[in-house]
Amino acid sequence: MGNVFTLDSLREEIEKEFAPVSIPLSDGSAVVLRNLLRLDKKVRDKAMVHMKAMKVDPDDEDADLEPVMDHMREVIKLAAESGGVKLIREIGDDELLLQRVFQRWMESTQPGEAQNSPA
Numbered sequence: 017m018g019n020v021f022t023l024d025s026l027r028e029e030i031e032k033e034f035a036p037v038s039i040p041l042s043d044g045s046a047v048v049l050r051n052l053l054r055l056d057k058k059v060r061d062k063a064m065v066h067m068k069a070m071k072v073d074p075d076d077e078d079a080d081l082e083p084v085m086d087h088m089r090e091v092i093k094l095a096a097e098s099g100g101v102k103l104i105r106e107i108g109d110d111e112l113l114l115q116r117v118f119q120r121w122m123e124s125t126q127p128g129e130a131q132n133s134p135a
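In the working numbering, the protein residues as written are 17 to 135.
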């Protein structure tokens with residue numbers, strides 16, 4: 017017989033691989049950023065529109081990055097289970113912190129590399 021697996025074991029693997037990002041806030045609460053594929057389709061589509069709009073020409077030294085930051089803020093609010101606005105308020109004008117939060121969320125959203133099957 018070939019590989020045997022259960023749907024529960026697959027769900028467990030998925031939960032581990034695509035775990036949400038949890039960010040504790042200064043008031044003791046935490047904001048959970050869900051994986052892109054865990055968002056409802058309408059919300060995911062909105063997030064994708066913002067993500068596609070973030071493209072900037074790397075050779076354009078005069079490019080206005082504020083629209084990119086605004087799109088990052090919107091994606092974070094969409095990915096948050098709740099408290100997205102609160103997280104954005106706590107990040108404030110710290111654009112490096114905003115970028116790092118967004119980067120961590122994006123890294124957690126990327127599917128891992130395929131693993132070789134046991135021989």
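Glycine is no exception: its CB is placed at the ideal position from the N, C-alpha and C atoms.
Query, Result
"Top-ranked residue by Cα proximity to residue 43, from 99, 51, 111, 54", "99"
"For residue 37 and residue 121, believed in contact at Cβ under 8 Å, the rounded distance", "5 Å"
"Buried or exposed by the 16-neighbour rule on C-beta atoms within 10 Å, applied to residue 47", "buried"
"Rounded separation between residue 24 and residue 32 - CA only", "12 Å"
"Cα-Cα separation, residue 183 to residue 35", "With the chain running from 17 to 135 in the structure shown, residue 183 is simply not present."
"Ordered list of alpha helix (DSSP H) runs contained in the region 26-107, each at least 4 residues", "57-68, 82-95, 100-107"
"Exposed unless 16 or more other CB atoms sit within 10 angstroms - verdict on residue 91", "buried"
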